[in-house]
Every structure is written in structure tokens, then in C-alpha cells.
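Q: In the numbering used here, the protein residues as written are 21 to 341.
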Ligand code: SER
């Protein structure tokens with residue numbers, strides 16, 4: 021039987037991953053762990069919750085023991101833009117926190133750790149288009165450096181200590197339930213709030229900044245499918261490219277404008293986030309994920325925009341339920 025601990029359960033991905041895992045494994049078997057951000061009520065009311073500061077080995081270890089955990093989905097992370105501003109916190113959470121989770125998992129003989137990576141694990145020297153799974157990485161952001169640390173450490177624990185660590189390099193994630201905090205790809209979520217509330221949005225990335233993106237249902241499926249894959253078929257472990265769609269702010273604005281009459285977008289560039297975005301790939305080659313665990317995305321740009329407008333409109337109270 022699976023007993024799962026999800027760190028970062030109040031975050032953009034964690035808040036949707038917990039309900040999906042509870043549906044699959046039973047609500048009582050999935051413990052949602054938050055820290056500073058309050059855990060959403062729907063998660064709190066439906067199953068076990070706890071508070072874990074991943075920066076403390078003792079707290080991670082105690083949560084694993086107390087809840088008899090055999091699998092961790094480690095979702096806590098300081099995203100790219102905030103990590104550049106708060107190097108101290110980013111180091112604590114993204115480097116020390118990750119190490120604590122892997123160490124406590126190995127020490128307690130866990131079956132599996134899911135460790136998401138990111139497109140941020142690539143850098144300015146990486147081939148930009150259709151970026152291969154295995155290529156030059158050399159990220160130049162703290163967030164990206166911590167993701168490469170996680171990928172390499174994941175592989176190390178897998179091969180040297182026999183801990184089953186897996187993870188995919190997630191693109192920018194678009195979703196309507198919980199807003200992302202301080203990432204570089206957040207514009208692709210914020211644009212929908214602007215479109216629904218004001219029919220306008222000011223974008224902090226330039227119109228032609230192409231980035232790999234994914235709709236949340238695909239992201240959740242990628243994490244769960246990878247977790248359930250047959251270990252013997254995996255040649256990679258914590259560093260799978262996963263692709264879904266790739267677009268620029270102007271292409272996204274056009275798709276939104278087709279569905280929201282009168283929508284306009286202007287631009288006011290944030291040099292720091294623009295520089296981060298410019299160091300990341302335009303699109304990903306996810307052949308390894310397709311071959312090793314049959315990854316296939318379901319949402320393209322049009323399907324994602326339709327679903328976002330419908331669900332976010334309902335959440336914000338502008339369309340009928
Ligand atoms: N969405 C993340 C960010 O923008 C990338 O993994 O920081």
C-alpha cells in the first residue's frame with residue numbers, strides 16, 4: 021500500500037497533485053505537507069495534513085516516520101524570479117531542503133521519491149530549439165542550478181544508494197486553481213486573470229519570447245505516469261524532458277483575444293525575468309519520456325485556453341457554473 025507525503029502541498033502544482041493522488045490511492049494515504057502558505061480548505065478537509073519545514077532534516081524525518089510514509093512527492097521550491105532575489109532562502113529550500121528529503125528518504129528505506137525538475141535546468145549554451153534530453157545544461161540562474169543539483173543528486177541516490185528517484189523537467193505550468201508565485205513563466209497564468217477581469221494585460225516578457233509550456237492536467241498526469249512507470253524500462257531517472265506546447269506572449273495573446281472580445285495586451289519588460297526566459301529553451305525534445313514511459317500530452321494551446329477561460333471564469337464568478 022502506498023503512504024505518500026507531498027511537500028509544497030499549498031503550491032501551484034501541489035494543490036492539484038494532492039487531490040489527484042488521493043483519488044488514486046485513497047484520501048487517508050496522502051499526507052499534504054505545507055509550511056508558510058496555508059493549505060487550501062478542500063485539501064485540509066479531505067485528508068491528513070501536516071506542517072513540514074523541509075529546511076529541517078528532523079522535521080522531514082519526523083513526518084516520514086509519524087505517517088509511515090513510503091513515497092515522497094517533493095514539490096516545495098522557490099521559483100526562478102524569487103530565487104534570484106532571495107539567494108539565502110532559495111539555497112535553504114532548493115538545495116538543503118532537497119538534500120534533507122533525499123537523506124531522510126534513504127535513511128528510512130523509502131520506496132520512491134518524485135523530484136520535479138524544470139526547463140530552468142538548461143542555460144544559455146543549451147541548444148534552444150527542440151532541446152535534446154541529454155545535452156549541455158550549464159544554467160545561469162540559482163533556481164536552474166538547484167534543479168541540476170536535484171537531477172544529479174537524484175541519479176546519485178538511485179545508482180549508489182538504491183533509492184528510486186524520478187523526475188521530469190516541467191515547462192511553465194498554466195493552471196486556474198492556485199496562482200504560481202514569483203516564477204518567470206507566471207505571465208501565462210496572469211494573462212487569464214487580466215483578460216477575465218479587465219480585458220487587458222501588461223506582459224513583463226517581450227512579445228517573441230518563446231517558452232515551453234504545459235497545462236496543469238498534463239503536468240499532473242506526467243508526474244503520476246512517471247511515478248507508476250516500470251523501473252526496469254527507465255534509462256533516465258530524475259531528468260526527463262516533457263513537452264506539451266510552446267508559444268510566445270503574442271501568440272498566447274492572440275489565442276486569448278479570439279475568445280475574449282476586446283482583449284488587449286501591452287508590454288512593460290522586466291529585465292530580470294526577461295534575462296531568465298532568454299536563457300531557457302524554446303521547445304523540448306521529449307523522445308526519452310515518450311519511449312521510456314509512454315509520455316503523451318493531451319492539451320495544445322487552443323484546448324488549454326478554452327479550458328482556462330471556462331474554469332477561471334467560473335472561479336472568478338464571471339461565467340455560470
Ligand atoms: N515555472 C518556473 C518558473 O518560472 C519554471 O520551472 O520559475
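Where a beta carbon is used, it is the ideal one built from N, C-alpha and C, also for glycine.
Only a predicted model underlies this, so the values are computations on that prediction, with no experimental measurement involved.
Suppose you measure from the CA of residue 79 to the CA of residue 73; what does that come to, to the nearest Å?
A: Looking up residue 79 in the chain shown gives position 59. Looking up residue 73 in the chain shown gives position 53. One C-alpha to the other measures close to 6 Å.
Q: For residue 162 versus residue 107, is the C-beta spacing smaller than 8 Å?
A: Working through the chain shown from its first residue, we reach residue 162 at position 142. Working through the chain shown from its first residue, we reach residue 107 at position 87. Yes, these two residues count as a Cβ contact at 8 Å.
Q: Nearest-angstrom Cα distance between residue 256 and residue 61?
A: By 1-based counting over the chain shown, the position of residue 256 is 236. By 1-based counting over the chain shown, the position of residue 61 is 41. C-alpha separation (whole angstroms): 37 Å.
Q: Should residue 190 be listed as close to ligand 1, given that the test is whether its C-beta is under 7 Å from any heavy atom?
A: On the chain shown, position 170 is the one that residue 190 refers to. Checking every heavy atom of ligand 1 against the Cβ of residue 190, one is found closer than 7 Å.
Q: Once you ignore the five residues that flank residue 147 on each side, which residues in its own chain have a CB closer than 7 Å to its CB?
A: Start at 1 with the first residue of the chain shown, and residue 147 comes out as number 127. Excluding positions up to five away in sequence, the list reads 155.
Q: Tell me the DSSP secondary structure of residue 29 in three-state form.
A: Within the chain shown, the letter at position 9 stands for residue 29. Three-state result, residue 29: coil.
Q: Tell me which residue opens and which closes the alpha helix (DSSP H) that residue 326 is part of.
A: To locate residue 326, count along the chain shown from 1; it is residue 306. Where residue 326 is concerned, the enclosing alpha helix (DSSP H) stretches over 321-335.
Q: Can you give the Cα-Cα distance for residue 299 and residue 233, rounded to whole angstroms?
A: Taking the first residue of the chain shown as 1, we reach residue 299 at position 279. Taking the first residue of the chain shown as 1, we reach residue 233 at position 213. The straight-line gap from Cα to Cα measures roughly 15 Å.
Q: By how many angstroms is the C-alpha of residue 195 removed from the C-alpha of residue 338?
A: The residue labelled residue 338 in the question sits at position 318 within the chain shown. The residue labelled residue 195 in the question sits at position 175 within the chain shown. About 17 Å.
Q: Using beta-carbon positions only, say whether residue 66 and residue 47 come within less than 8 Å of one another.
A: Here residue 66 refers to the residue found at position 46 of the chain shown. Here residue 47 refers to the residue found at position 27 of the chain shown. Yes. Within cutoff.
Q: For the candidate residues 105, 82, 113, 87, whose alpha-carbon lies nearest to that of residue 56?
A: The sequence position of residue 56 within the chain shown is 36, counting from 1. Per the Cα distances, 113.
Q: Anyone know if the C-beta pair for residue 269 and residue 207 falls short of 8 Å?
A: Counting from one through the chain shown, the residue named residue 269 turns up at place 249. Counting from one through the chain shown, the residue named residue 207 turns up at place 187. A contact, by the Cβ cut-off of 8 Å.
Q: Measuring alpha carbon to alpha carbon, tell me which residue in 204, 271, 25 is nearest residue 322.
A: In the chain shown, residue 322 corresponds to position 302, counting from 1. It is 271.
Q: Is any non-hydrogen atom of ligand 1 found closer than 7 Å to the C-beta of residue 139, if you look at the structure I gave you?
A: Stepping through the chain shown from its first residue, residue 139 is reached at position 119. Because some heavy atom of ligand 1 lies under 7 Å away, the Cβ of residue 139 counts as near it: yes.
Q: Keeping to the same chain, check which residues put their C-beta closer than 8 Å to that of residue 98; ignore five residues upstream and five downstream.
A: Position 78 of the chain shown, counted from the start, is the residue given in the question as residue 98. Cβ neighbours of residue 98 beyond the five flanking positions: 106, 109, 110, 113, 114, 163, 202.
Q: Exposed or buried, which one is residue 31 when buried takes at least 16 other CB atoms within 10 Å?
A: As a position in the chain shown, residue 31 is number 11, starting the count at 1. Classification of residue 31: buried, given that the 10 Å Cβ count is 16 or more.
Q: For residue 132, which residues from the same chain have a beta carbon less than 6 Å from its beta carbon, with the 5 sequence-adjacent residues on both sides left out?
A: On the chain shown, residue 132 is found 112 positions in, with the first residue counted as 1. The residues are 91, 184.
Q: Identify, in the order they occur along the chain, each residue of the same chain with its Cβ nearer than 6 Å to the Cβ of residue 290, setting aside the five sequence neighbours on each side.
A: Mapped onto the chain shown, residue 290 falls at position 270. Excluding sequence neighbours, residue 290 sits near 224.
Q: Does the beta-carbon of residue 100 have 16 or more other beta-carbons within 10 angstroms, so that it is buried, or is it exposed?
A: Position 80 of the chain shown holds residue 100. By the neighbour-count rule (16 or more Cβ atoms within 10 Å), residue 100 is buried.
Q: Ignore the nearest five residues each way along the sequence and tell me which others in residue 45's own chain have a CB closer than 6 Å to its CB.
A: For the purposes of this step, residue 45 is identified with residue 25 of the chain shown, where counting begins at 1. Cβ within range, chain order: 22.
Q: Count the other CB atoms within 10 Å of the CB of residue 205; is the residue buried (16 or more) or exposed (fewer)?
A: Numbered from 1 along the chain shown, position 185 holds the residue referred to as residue 205. By the 10 Å Cβ count, residue 205 comes out buried.
Q: Can you tell which of 151, 135, 136 has its C-alpha closest to the C-alpha of residue 142?
A: Residue numbering aside, residue 142 sits at position 122 when the chain shown is read from its first letter. It is 151 whose Cα lies nearest to the Cα of residue 142.
Q: Just the C-alpha distance for residue 273 and residue 220, rounded to the nearest angstrom, thanks.
A: For the purposes of this step, residue 273 is taken as residue 253 along the chain shown, with counting starting at 1. For the purposes of this step, residue 220 is taken as residue 200 along the chain shown, with counting starting at 1. One C-alpha to the other measures close to 10 Å.
Q: Please go through the same chain and pick out, in chain order, the residues whose beta-carbon is closer than 8 Å to the beta-carbon of residue 83, but skip the five residues on each side of it.
A: The residue you call residue 83 lines up with position 63 of the chain shown. Closer than 8 Å at the Cβ level, and outside the excluded window around residue 83, lie 25, 51, 53, 70, 72, 89.
Q: Taking only heavy atoms of ligand 1 into account, decide whether any of them is closer than 7 Å to the Cβ of residue 301.
A: On the chain shown, position 281 is the one that residue 301 refers to. No, Cβ of residue 301 sits at least 7 Å from all heavy atoms of ligand 1.
Q: Contact defined as beta carbons within less than 8 Å: I believe residue 102 pairs with residue 258. What is the distance between those atoms, to the nearest angstrom?
A: On the chain shown, residue 102 is found 82 positions in, with the first residue counted as 1. On the chain shown, residue 258 is found 238 positions in, with the first residue counted as 1. With 8 Å as the limit, residue 102 and residue 258 do not qualify as a contact, their Cβ atoms being about 23 Å apart.
Q: Going by DSSP in three states, residue 36 sits in which element: helix, strand or coil?
A: Your numbering for residue 36 matches position 16 in the chain shown. Residue 36 falls in the helix class under three-state DSSP.
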